[in-house]
Amino acid sequence: MSEAQSPSSSFVMYTTPWCGYCQRLKGQLGREGIVFEEVNIEQVPGTAEIVEKVNNGNQTVPTLVYPDGSAQTNPSVLQIKEKLASLAS
11 MSEAQSPSSS
21 FVMYTTPWCG
31 YCQRLKGQLG
41 REGIVFEEVN
51 IEQVPGTAEI
61 VEKVNNGNQT
71 VPTLVYPDGS
81 AQTNPSVLQI
91 KEKLASLAS
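Heads up: the sequence shown begins at 11 in our numbering, then just goes up one per residue.
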């Protein structure tokens, strides 16, 4: 999964264009200056299956996948910052 990441991004966020939680989180991350790669699961073949795999068969978004292979579903910005800090240490 991490091979889909660009070098400048901290994680991949799987989204859909109609997801209000996705829009809110993207705005919050932008205000915090946190760089990520966004992948629309409705447009990129095979990505809905990645989301289903980490969410017990559900296509729940936003789902974030980190370089270490771990994932978070609909996390808060604080949870994301804590995860990024743990990856950096």
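Note that CB positions come from ideal geometry on N, CA and C, so glycine has one too. Computed from a predicted model, the values in this text were never measured in an experiment.
Where does residue i fall in DSSP's three states?
i      : result
Gln-38 : helix
Ser-96 : helix
Using the Cα positions of residue i and residue j, report the straight-line distance between them to the nearest angstrom.
i      : j      : result
Gln-69 : Thr-26 : 10 Å
Glu-42 : Val-64 : 26 Å
Glu-95 : Lys-36 : The amino acid occupying residue 95 in the given sequence is Ala; Glu does not appear at that position. For Ala-95 and Lys-36, the distance between alpha carbons rounds to 19 Å.
Tyr-76 : Trp-28 : 23 Å
Leu-22 : Glu-48 : First, the amino acid is wrong: residue 22 is Val here, not Leu. Computed Cα separation, rounded: 6 Å.
Val-54 : Ser-99 : 32 Å
Spatial neighbours of residue i within its chain, please: C-beta separation below 7 Å, excluding the five flanking residues on both sides.
i      : result
Thr-73 : Tyr-24, Val-61, Val-64, Asn-65, Ala-81, Thr-83
Gln-89 : Gln-82
Asp-78 : Leu-97
Val-87 : Gln-38, Leu-39, Glu-42
Give every residue of the same chain whose Cβ lies closer than 8 Å to the Cβ of residue i, excluding the five residues on either side of it in the sequence, and list them in chain order.
i      : result
Phe-46 : Ser-19, Ser-20, Phe-21, Val-22, Met-23, Leu-39, Leu-74
Lys-91 : Glu-42, Ile-44
Excluding the five sequence neighbours on either side, which residues of its own chain have a C-beta within less than 6 Å of the C-beta of residue i, listed in chain order?
i      : result
Cys-32 : Thr-25, Val-71, Pro-72
Glu-52 : Thr-26
Fully enclosed by the region 54-91, which alpha helix (DSSP H) runs are 4 residues long or longer?
The qualifying runs are 57-64.
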